Amino acid sequence: MNFPIHGEQILALIPQRYPIVMVDTLYEYAEDSLLSGLHVSRDTLFVDIETLQECGLLEHMAQSVALHTGFDYFQRNEEAPTGYIGSMQGIELTSLPKVGDVVQTEVQIIQEFMGVTLVNITSKISGEVIGKAQMKTVIASS
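Take the sequence shown: its letters are residues -8 to 133, numbered as in our numbering.
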(Lines of atoms letter the chains of each structure in order from A and count residues from 1; the text may use other names and numbers.)
(Lines give C-alpha, C1' and ligand atoms only; values in the text may rest on other atoms or scores of the structure.)
Protein backbone atom coordinates (compact mmCIF):
# COMPACT_ATOMS: atom_id res chain seq x y z
CA MET A 1 0.00 0.00 0.00
CA ASN A 2 1.10 3.53 -0.72
CA PHE A 3 0.65 6.37 1.75
CA PRO A 4 -1.60 8.07 2.48
CA ILE A 5 -4.23 5.35 2.86
CA HIS A 6 -7.91 6.40 2.88
CA GLY A 7 -11.48 5.15 2.89
CA GLU A 8 -12.25 1.48 2.35
CA GLN A 9 -8.58 0.55 2.76
CA ILE A 10 -8.73 1.92 6.31
CA LEU A 11 -11.74 -0.29 7.06
CA ALA A 12 -9.63 -3.33 6.19
CA LEU A 13 -7.19 -2.36 8.95
CA ILE A 14 -9.47 -1.57 11.91
CA PRO A 15 -12.26 -3.55 13.59
CA GLN A 16 -14.67 -0.59 13.81
CA ARG A 17 -17.47 -0.06 11.31
CA TYR A 18 -19.67 2.92 10.49
CA PRO A 19 -20.94 4.96 12.20
CA ILE A 20 -18.19 4.52 14.84
CA VAL A 21 -15.23 4.87 12.43
CA MET A 22 -13.17 7.76 13.82
CA VAL A 23 -10.03 7.52 11.67
CA ASP A 24 -10.05 8.04 7.91
CA THR A 25 -6.40 8.43 6.89
CA LEU A 26 -3.11 6.67 7.54
CA TYR A 27 -0.34 9.11 6.62
CA GLU A 28 2.73 7.30 7.94
CA TYR A 29 3.57 3.98 9.57
CA ALA A 30 6.72 2.72 11.29
CA GLU A 31 7.23 -0.23 13.61
CA ASP A 32 7.15 2.08 16.63
CA SER A 33 4.92 4.93 15.41
CA LEU A 34 2.04 6.01 13.23
CA LEU A 35 0.45 9.22 11.94
CA SER A 36 -3.30 9.04 11.37
CA GLY A 37 -5.99 11.53 10.49
CA LEU A 38 -9.66 12.37 10.82
CA HIS A 39 -11.49 14.97 8.75
CA VAL A 40 -14.29 16.18 11.04
CA SER A 41 -17.60 16.57 9.22
CA ARG A 42 -21.17 17.17 10.34
CA ASP A 43 -21.76 13.43 9.84
CA THR A 44 -18.93 12.44 12.18
CA LEU A 45 -20.27 10.62 15.21
CA PHE A 46 -19.96 12.63 18.44
CA VAL A 47 -20.19 16.01 16.64
CA ASP A 48 -22.51 18.31 18.57
CA ILE A 49 -23.52 21.27 16.41
CA GLU A 50 -20.04 22.24 15.09
CA THR A 51 -17.69 20.59 17.61
CA LEU A 52 -16.32 17.06 18.01
CA GLN A 53 -16.92 16.20 21.65
CA GLU A 54 -14.28 14.87 24.05
CA CYS A 55 -15.46 11.27 23.66
CA GLY A 56 -15.04 11.55 19.88
CA LEU A 57 -11.47 12.81 20.15
CA LEU A 58 -10.58 10.07 22.63
CA GLU A 59 -12.17 7.44 20.36
CA HIS A 60 -10.12 8.81 17.45
CA MET A 61 -6.98 8.41 19.56
CA ALA A 62 -7.90 4.83 20.47
CA GLN A 63 -8.68 3.92 16.86
CA SER A 64 -5.33 5.36 15.80
CA VAL A 65 -3.68 2.80 18.08
CA ALA A 66 -5.89 0.06 16.59
CA LEU A 67 -4.85 1.24 13.12
CA HIS A 68 -1.19 0.76 14.04
CA THR A 69 -1.87 -2.83 15.15
CA GLY A 70 -4.05 -3.51 12.11
CA PHE A 71 -1.44 -2.27 9.65
CA ASP A 72 1.29 -4.25 11.40
CA TYR A 73 -0.71 -7.47 11.01
CA PHE A 74 -1.67 -6.55 7.41
CA GLN A 75 2.02 -6.32 6.48
CA ARG A 76 2.54 -9.83 7.82
CA ASN A 77 -0.52 -11.15 5.93
CA GLU A 78 -2.17 -12.03 9.23
CA GLU A 79 -5.61 -11.22 10.55
CA ALA A 80 -5.49 -8.52 13.21
CA PRO A 81 -6.45 -9.73 16.67
CA THR A 82 -9.13 -8.17 18.83
CA GLY A 83 -7.72 -5.63 21.25
CA TYR A 84 -9.08 -3.69 24.18
CA ILE A 85 -8.23 -0.46 25.95
CA GLY A 86 -6.64 -1.41 29.25
CA SER A 87 -6.38 2.19 30.46
CA MET A 88 -6.07 5.81 29.37
CA GLN A 89 -4.23 8.22 31.60
CA GLY A 90 -2.57 11.60 31.51
CA ILE A 91 -5.36 12.89 29.27
CA GLU A 92 -4.94 16.56 28.40
CA LEU A 93 -7.44 18.03 25.94
CA THR A 94 -6.74 21.72 25.31
CA SER A 95 -9.10 22.26 22.37
CA LEU A 96 -11.79 20.37 20.48
CA PRO A 97 -11.94 20.05 16.70
CA LYS A 98 -14.59 21.89 14.73
CA VAL A 99 -16.40 20.71 11.59
CA GLY A 100 -13.94 21.10 8.72
CA ASP A 101 -10.83 20.53 10.85
CA VAL A 102 -8.38 17.74 10.08
CA VAL A 103 -7.03 16.10 13.21
CA GLN A 104 -3.63 14.45 12.84
CA THR A 105 -2.64 12.02 15.56
CA GLU A 106 0.77 10.58 16.28
CA VAL A 107 1.02 7.28 18.11
CA GLN A 108 4.40 6.50 19.64
CA ILE A 109 4.92 2.95 20.96
CA ILE A 110 6.73 3.08 24.30
CA GLN A 111 6.70 -0.60 25.22
CA GLU A 112 5.20 -3.91 24.09
CA PHE A 113 5.24 -7.03 26.22
CA MET A 114 3.11 -10.19 26.09
CA GLY A 115 0.21 -8.60 24.22
CA VAL A 116 0.20 -5.39 26.28
CA THR A 117 1.22 -2.18 24.51
CA LEU A 118 1.89 1.20 26.11
CA VAL A 119 1.67 4.24 23.80
CA ASN A 120 1.87 8.01 23.90
CA ILE A 121 -0.69 9.76 21.71
CA THR A 122 -0.61 13.38 20.53
CA SER A 123 -3.36 14.97 18.43
CA LYS A 124 -2.89 18.20 16.49
CA ILE A 125 -4.77 20.53 14.19
CA SER A 126 -2.57 22.52 11.79
CA GLY A 127 0.46 21.62 13.90
CA GLU A 128 -1.08 22.87 17.17
CA VAL A 129 -1.41 20.26 19.93
CA ILE A 130 -5.04 19.83 21.00
CA GLY A 131 -4.73 16.66 23.03
CA LYS A 132 -2.36 14.18 24.62
CA ALA A 133 -2.86 10.87 26.37
CA GLN A 134 -1.11 7.68 27.33
CA MET A 135 -2.91 4.45 26.57
CA LYS A 136 -2.39 0.82 27.44
CA THR A 137 -3.96 -1.72 25.10
CA VAL A 138 -4.31 -5.45 25.53
CA ILE A 139 -4.59 -8.10 22.81
CA ALA A 140 -7.35 -10.59 23.58
CA SER A 141 -6.17 -14.17 24.04
CA SER A 142 -7.55 -16.65 21.57
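We put the beta carbon where it would ideally sit given N, CA and C, even for glycine. Computed from a predicted model, the values in this text were never measured in an experiment.
- Restricting attention to beta strand (DSSP E) runs no shorter than 3 residues, the region 91 to 125 encloses them at 93 to 104 and 107 to 116, ordered along the chain.
- According to the DSSP assignment, Y64 belongs to the alpha helix (DSSP H) that extends over E45 to Q66.
- Per DSSP, L17 is one residue of the beta strand (DSSP E) stretching across T16 to A21.
- For E83, the uninterrupted beta strand (DSSP E) run begins and ends at G74 to L84, by DSSP.
- E97 is positioned such that its CB atom lies closer than 7 Å to that of T113.
- Here I(-4) carries a strand assignment [DSSP, helix/strand/coil].
- Rounded to the nearest whole angstrom, the C-alpha separation of Q44 and I1 is 23 Å.
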